[in-house]
Amino acid sequence: MLQAETGELNTTLKTLTEQNQQLVEKVSSTQELLKTAQDELYEQRSVTSDPEKRMEEKESCSSLKETSQQTFKEELQEVLSRVSSLSEERDQLQEALEGMRVEKRQLGEELEDRIRMMSAVQEKLSQQEQWSRHQQERDAELKHEVQHLEEQLQTQTKQQAR
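Structural data, given as structure tokens:
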């Protein structure tokens with residue numbers, strides 16, 4: 001049971017780590033797109049020499065830059081939030097795992113105590129069985145001796161009666 005729960009916790013942690021990696025990759029991809037768009041706008045601006053077009057391109061570039069930055073900030077917030085959530089979940093999983101380790105150790109100690117008690121009980125039982133066999137042997141010897149004495153008594157009584 002403990003191993004199954006540990007395995008399940010490790011699987012959940014692995015899944016969460018993979019999701020975190022995917023979010024980081026998504027942010028990286030968005031940054032690359034922003035950089036590409038900025039490079040294209042810069043290139044277009046360099047080619048155009050008309051002041052009005054340049055102004056429009058500048059405004060367009062600025063607007064695109066603001067939009068991209070806002071998108072980046074939102075995605076970054078999402079990633080940071082997810083990382084924080086994953087960290088909290090990891091901490092909870094580690095606490096649960098530590099609790100299970102403590103419980104496993106306690107159960108192991110209880111098992112060792114019970115094994116020692118059973119060994120002591122078995123030893124005591126073995127001693128009692130040995131004592132009982134000894135008593136039975138002694139009883140048999142005494143019976144035999146009493147029987148022998150009775151026979152001697154009968155023999156003597158018969159001899160005296162003659």
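According to the UniProt record's numbering, the sequence shown holds residues 1 to 162 in order.
All C-beta atoms in this analysis are idealised placements derived from N, C-alpha and C, irrespective of residue type, glycine included.
As the structure is a computational prediction, the values presented were derived from the model and not from experiment.
Exercise for the section: Would you mind sorting E57 into buried or exposed? The rule is 16 or more other CB atoms within 10 Å of its CB. Expected result: buried
Exercise for the section: Going by CA-CA distance only, name the one from L2, K14 and Q3 that's closest to E89. Expected result: K14
Handout entry: Alpha-carbon to alpha-carbon, L125 and R162
Key = 55 Å
Exercise for the section: Determine the direct distance from the alpha carbon of V83 to that of S63, and round the result to whole angstroms. Expected result: 30 Å
Handout entry: Residue burial classification, L142 (beta-carbon count within 10 angstroms, cutoff 16)
Key = exposed
Practice task
Report the three-state DSSP secondary structure of M100 (helix, strand or coil).
Solution key: helix
Practice task
Measure the alpha-carbon distance for Q128 versus Q122 and round it to whole angstroms.
Solution key: 10 Å
Exercise for the section: Classify M55 as helix, strand or coil using the three-state DSSP reduction. Expected result: helix
Practice task
Please state if the CB of S68 and the CB of L41 are separated by a distance shorter than 8 Å.
Solution key: no
Practice task
Output the distance between the C-alpha atoms of K65 and T17, rounded to the nearest integer angstrom.
Solution key: 31 Å
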